[in-house]
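Here is the structure we will look at.
There are 2 protein chains.
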Amino acid sequence: MTTAYRALNDGTLPGVLSALPDVRARLGGAPESWTVQEVGDGNLNLVFIIKGPAGAVVAKQALPYVRLVGDSWPLPLDRSYYEHMALSEQARHAPGLVPKIHHFDRGLALIVMEYLSPHIIMRKGLIRGTEYPLFAGHIAEFMAQTLFNTSALALPAAEHKQRIGAFAGNTELCKITEDLVFTDPYRIAKLNRWTTPYLDDIAAEFRRDEPLKIKVQERKLQFLTSAEAMIHGDLHTGSIMLTPQDTRIIDPEFAFVGPMGFDIGAVIGNLLIAYYAQTGHEERIGSRNAYRHWILLQTEKVWRVFTKRFLELWDASRTGDAYMPELFTGPEGAAAFAAEKQRFMRKLLTDSISFAGIKMIRRILGLAHTEDLESIKDPPLRAKCERQALTLARRLILDAERFSGMNEVTHAARAVLGSR
Amino acid sequence: MTTAYRALNDGTLPGVLSALPDVRARLGGAPESWTVQEVGDGNLNLVFIIKGPAGAVVAKQALPYVRLVGDSWPLPLDRSYYEHMALSEQARHAPGLVPKIHHFDRGLALIVMEYLSPHIIMRKGLIRGTEYPLFAGHIAEFMAQTLFNTSALALPAAEHKQRIGAFAGNTELCKITEDLVFTDPYRIAKLNRWTTPYLDDIAAEFRRDEPLKIKVQERKLQFLTSAEAMIHGDLHTGSIMLTPQDTRIIDPEFAFVGPMGFDIGAVIGNLLIAYYAQTGHEERIGSRNAYRHWILLQTEKVWRVFTKRFLELWDASRTGDAYMPELFTGPEGAAAFAAEKQRFMRKLLTDSISFAGIKMIRRILGLAHTEDLESIKDPPLRAKCERQALTLARRLILDAERFSGMNEVTHAARAVLGSR
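Protein sequences, first through last, are from chains A and B.
In case it helps, this note's numbering puts the first sequence at residues -5 to 414.
In case it helps, this note's numbering puts the second sequence at residues -5 to 414.
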């Protein structure tokens, strides 16, 4: 039995939740005593925090249109179904790194989940200059577990194809990525915006940059056709809530079976945006130097720990249909397989670096920007940070194959900052 | 309403067909006057030719197990559903190059289709030394039309993903390919067979050849994860029926959205098998020299015409979400896109050459062999042909990236024959 959809509000939500014994017990007291606060600052959904005498929960409801744009841009409610499916899958592989699910109602497109406190959106912490010593290890673990365990390296082909089919209907969310990430920043598009007039020149340059556009379109084709693993699909620092001790990855409504490097690139690209944004946030010139350094160390650590964990998982669970163990026995087989894993990781590094660059550009020349840069009030200063980010991003895309490690990426990032 | 499944025979089939007005009219006369002949020489299905006073039809029915092996190897009847879906799609893009469908019954796993006469299975023609002047152009057209028009180059992403989902359930047929093509020939497997003892040494060598096995496993991963276009999935010369004037591609039950190069490689690999088999069929040494030459010319022509037609279709229908035209305008955009198309075709050539080699090996060291070689009665002579084919195949896989054109492949093929 599915519930008929209606957008909920602080008046109607308690009634819905009070019918769920588990949620009701978690909140405690009478529904009339609950407080409801709408806190959605994302682009797509309603997000409520409901607090009762005994505890709190979060209720996330999809709207039938893009919240950022309005009802002129309809969007299917079933993204909530895909989000719930992805969240459940992620919880299996990376328990403790996603919010707990208390309830899902497909008809209402409503997910009731754990209220995370005192977690904040990571992006806000990066703006404040807060260090999160466990973040890199946590996000690396999340990516290694979810990407490896939903890949053909871990799964029999039939299960892999079943998941490909299960997410194949999440087309409208994928289309947002296809349009806003891979296409619009490279053409005149109504929804594009940037810090004008300061970036008018570089925006025009990018629209004329044939080698750059070709590389981005190759990556778009990869996004359209590569079914490597179930990816989060929107793994920026606004999809991460954390404290210095705890990290949770939220909002996987863009999930589908796609290229692994897209998730890794999202994390790396958003760290690099935060790196360049520091100039706009430092109290005096140089006061964020140590923090800048910390961000780049995390960028390297994310890749380092991811690689380590991914390879450990691969060694421990050669259960998929690709590279079956019995094909590579004895010392020679082991050596050949070891070399192949290195080749695999190098290609994934290349993919990730290129996607990182693409994700950076869309946040500066496309529709949806990030608070890291948007919160820099002085337009010339913001444009300066953005131009540096764009300069590195372009290089990451054009030269992705040439970087042999993430340390070379951070080196390039420093060089661009130094040449400001 | 679906019919309950039961395997049909020459006694029960006329009753089923007589209930179909269109088929009944096509055959003419009373069902009692129809003749039924079971002619299935494939590995999986029942195939009947039904003839009446006015005409004839073919009825293909899936069996719930692999015919070649027996009921110890069950296989889902729904492959008939996927075959019908693929055949319908192919008919839209390449009308005249597939048999017409008269009726489909999902419950019976039965496709009633055009009776092709005087067409023969191409493999038999290749054994006889028959030239088919239109074949290369026809198969190239078929592949260009079906691969391009079901790719993200031609289709909006949502439609591409819809088709990925529609075929995602055809896992058991894909698994046959994954096991028999990409895995078994490289390990001790009960179902393997080869011309023993003559090929025992090379079979053992291949099982120990780490670089070869690594390359093949890379291709298996590509087969598992690359959703480029709807492929036929089993496009060998036994899936082609033809006359010198007419060509029809049959049996697409292995269809799914996979790597384009797998289809092209199947055609190329099977032509190269036919090339090496000529030594076993020539009346006296050298009497098939002209025919050998013809086969290699066709191998080159298939790729040449395919490339030409694929690029023409791409130029004419830039309707997909990848490489949208408005991103590449003016002379510089056009030049960049032209170069990118060349890069795309070069990668597709590499893929095709590697898959060709893989398809050759499975036909000599794996379960299912081809009549080209099996019909050579003298084991040492057969083994000699097979060893040549294996030698070239290994090189195609290991050096796929180094071939810059199909003429270099045929050159290598000749060199292996010359060194016999």
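Backbone N, C-alpha and C fix where the C-beta goes; we use that ideal spot for every residue, glycine too.
- In the three-state reduction of the DSSP assignment, residue 32 of chain B falls in the strand class.
- Listed along chain A are 158, 159, 162 and 221, each with a C-beta nearer than 8 Å to that of residue 158 of chain B.
- Under the criterion of beta carbons closer than 8 Å, residue 349 of chain A and residue 256 of chain A qualify as touching, at roughly 5 Å.
- The three-state reading of DSSP puts residue 269 of chain B in helix, counting H, G and I together.
- Residue 170 of chain B is outside the set of residues whose beta carbon lies under 7 Å from a beta carbon in chain A.
- Taking C-beta atoms as the reference points, residue 219 of chain B and residue 222 of chain A count as a pair closer than 7 Å.
- Counting C-beta atoms within 10 angstroms of its own C-beta, residue 206 of chain B has 16 or more neighbours from the protein chains shown and is therefore classed as buried.
- Going by beta carbons, residue 196 of chain B and residue 384 of chain B fall inside the 7 Å limit.
- Distance from residue 379 of chain B to residue 263 of chain B at the Cβ level is roughly 15 Å; contact not present, criterion being Cβ atoms closer than 8 Å.
- Among the bridge pairs identified by DSSP, residue 358 of chain A is matched with none.
- With contacts defined by Cβ atoms closer than 7 Å, residue 126 of chain A and residue 51 of chain A do not form a contacting pair.
- Taking C-beta separations shorter than 7 Å and ignoring five residues to either side along the sequence, the partners of residue 103 of chain A in its chain run -1, 55, 56, 71 and 74, following chain order.
- In the three-state DSSP reduction, residue 255 of chain A falls in the helix class (H, G or I).
- The beta carbon of residue 268 of chain B lies closer than 6 Å to those of 120, 289 and 366 in the same chain, with the five residues before and after it left out.
- Pairing residue 69 of chain A with residue 63 of chain A gives a Cβ-Cβ distance that is not under 7 Å.
- Taking all protein chains in view, the Cβ of residue 39 of chain A is crowded by 16 or more other Cβ atoms within 10 Å, so the residue is classified as buried.
- Of all C-beta pairs linking the region 305 to 319 of chain A to the region 143 to 162 of chain A, three or more are shorter than 8 Å, placing the two stretches in contact.
- Per the DSSP secondary-structure output, residue 234 of chain B pairs in a beta bridge with B:243.
- In the DSSP assignment, residue 137 of chain A falls within the alpha helix (DSSP H) that extends over 129 to 143.
- Rounded to the nearest whole angstrom, the CA to CA distance from residue 94 of chain A to residue 8 of chain A is 20 Å.
- By the criterion of at least three beta-carbon pairs nearer than 8 Å, the region 352 to 369 of chain B is in contact with the region 189 to 203 of chain B.
- Secondary structure at residue 65 of chain A: strand, using DSSP grouped into helix, strand and coil.
- Across the structure, residue 42 of chain A and residue 31 of chain A are spaced so that their CA atoms are roughly 5 Å apart.
- Taking 8 Å as the Cβ-Cβ cut-off, the region 208 to 237 of chain A approaches chain B at 208, 211, 212, 214, 215, 218, 219, 220, 221 and 222, given in chain order.
- The beta carbons of residue 91 of chain A and residue 136 of chain A sit closer together than 7 Å.
- The continuous beta strand (DSSP E) containing residue 96 of chain B extends over residues 95 to 99.
- Taking one beta carbon from each stretch, the region 159 to 173 of chain B and the region 232 to 251 of chain B have 3 or more pairs nearer than 8 Å; the two touch.
- Residue 315 of chain A has a beta carbon lying within less than 7 Å of a beta carbon in chain B.
- Within the DSSP bridge table, the entry for residue 105 of chain A names A:54 and A:98 as partners.
- Per the DSSP secondary-structure output, residue 220 of chain B pairs in a beta bridge with A:220.
- Setting aside the 5 residues that flank it on each side, residue 294 of chain A is surrounded in the same chain by 400, 401 and 404, each with a C-beta closer than 7 Å to its C-beta; the list follows chain order.
- Secondary structure note for residue 397 of chain B: it is in no beta strand (DSSP E), with a DSSP letter that is neither H nor E.
- When secondary structure is reduced to three states using DSSP, residue 60 of chain A falls in the strand class.
- By the beta-carbon neighbour count (other beta carbons within 10 angstroms, threshold 16), residue 138 of chain A is buried.
- Residue contact check for residue 321 of chain A against chain B: a CB pair falls below 7 Å.
- The C-beta distance from residue 370 of chain B to residue 271 of chain B rounds to 7 Å, short enough to fall under 8 Å.
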